[in-house]
Amino acid sequence: MSSDRRTATIAGWLFLITEVAAVGGLTLYGPALRNAGYVLGAGADARVFAGALCEIVLVLAVIGTGVVLYPVLRRRNEAAALGYVCGRLLEAAVIAVGIVAVLSVVTVRREVAAGVGSEAVARALVAVHDWTFLLGPNFVLGANSLVLAVVMYRSRLVPRFVAVLGLVGGPLICVSATAVLFGLYGQVSPVGSLAAVPVFAWEVTLAVRLIVKGFDPAAPAA
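Just so you know, we're using this note's numbering here: the sequence shown kicks off at 9 and counts up by one.
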């Protein structure tokens, strides 16, 4: 197996891991994020910890995609390759802040006396997570997707129809995040979910392509 083929396979699996870990983390966080009285009840701390573990895996996979693809992208566009790595690092850092916020909700439930004050603190921490969710997996992810899709489209490392998904999905998720920021609709809503479909399709399609066939051998040399 050539070096580029190995790189493509690893990157493909990392992209798939990001999707599974992101969905798993958000699902497992459910009780802490959606139940306003979580800190006043018995809690579901083990489930929240499992969600945090999923998101730690997500952080590592996000960084991994940038690092693994860097040598290949650098031969096509060094500035874009560096920008993609930095963008993925920023995305991972923002997600990590969200993890800390949710874990802090568990600490409040366990160690702070139950009452209106503790519930307010928990709500504030959940708000921190919600804002990081908007900034990282929406704004920054959209920008990263656009950068990678542009390089893939111009270099023809993957079929252009695959890159077009990223060219559409990246800007669309950023526009949707802007609408959420100004309160036009909720992030977890039918419209918000629909706006995320193209970027989700981009990452999954790219992942499958890289795992099954790797980079296009007919792509022009660097």
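Just so it is clear, CB atoms sit at the ideal spot from N, CA and C, and this is done for glycine as well. Bear in mind that the values here come from a model prediction, so they are computed numbers and not experimental data.
query	result
For S126 and Y92, the rounded distance between their alpha carbons	40 angstroms
Close beta carbons around T17, own chain, < 6 angstroms, minus the five adjacent residues each side	I219
Nonlocal neighbours in the same chain, by C-beta distance under 8 angstroms from V76, ignoring five residues either side	T15, I18, A19, L22
Neighbourhood of V113 by C-beta, 6 angstroms cutoff - its chain only, sequence neighbours within 5 removed	A40, A130, L133
Given 8 angstroms, three or more beta-carbon pairs between the stretch 187-194 and the stretch 152-160	no
Run of the alpha helix (DSSP H) containing A52, from where it starts to where it stops	Here A52 belongs to no alpha helix (DSSP H), and DSSP marks it neither H nor E.
C182 and F208 closer than 8 angstroms at C-beta	no
Rounded C-alpha distance that separates V70 from L48	34 angstroms
A29 versus G177 - alpha carbon distance	20 angstroms
Where V166 sits in the DSSP three-state scheme	coil
Closest Cα partner of L66 within the set L81, G38, V31, R84	V31
Extent of the continuous alpha helix (DSSP H) run through Y193	Per DSSP, Y193 belongs to no alpha helix (DSSP H) and is neither H nor E.
Complete alpha helix (DSSP H) runs within the stretch 20-82 (minimum length 4 residues, chain order)	38-42, 53-82
Beta-carbon proximity list for F223, same chain, < 6 angstroms, skipping 5 on both sides	D12, A16, L165
C-alpha distance - L214 paired with L81, whole-angstrom precision	15 angstroms
Spatially closest choice to G174 from V199, Y193, S153, R168, by CA coordinates	S153
G38 versus P79: straight-line alpha-carbon distance, rounded	38 angstroms
Within 8 angstroms, strictly: CB atoms of G144 and P179	no
Three-state secondary structure (DSSP) of F226	According to the sequence shown, residue 226 is Ala rather than Phe. Note: A226 maps to coil in three-state DSSP.
Per-residue DSSP class, three states only, for R117	helix
Close beta carbons around A226, own chain, < 8 angstroms, minus the five adjacent residues each side	R164
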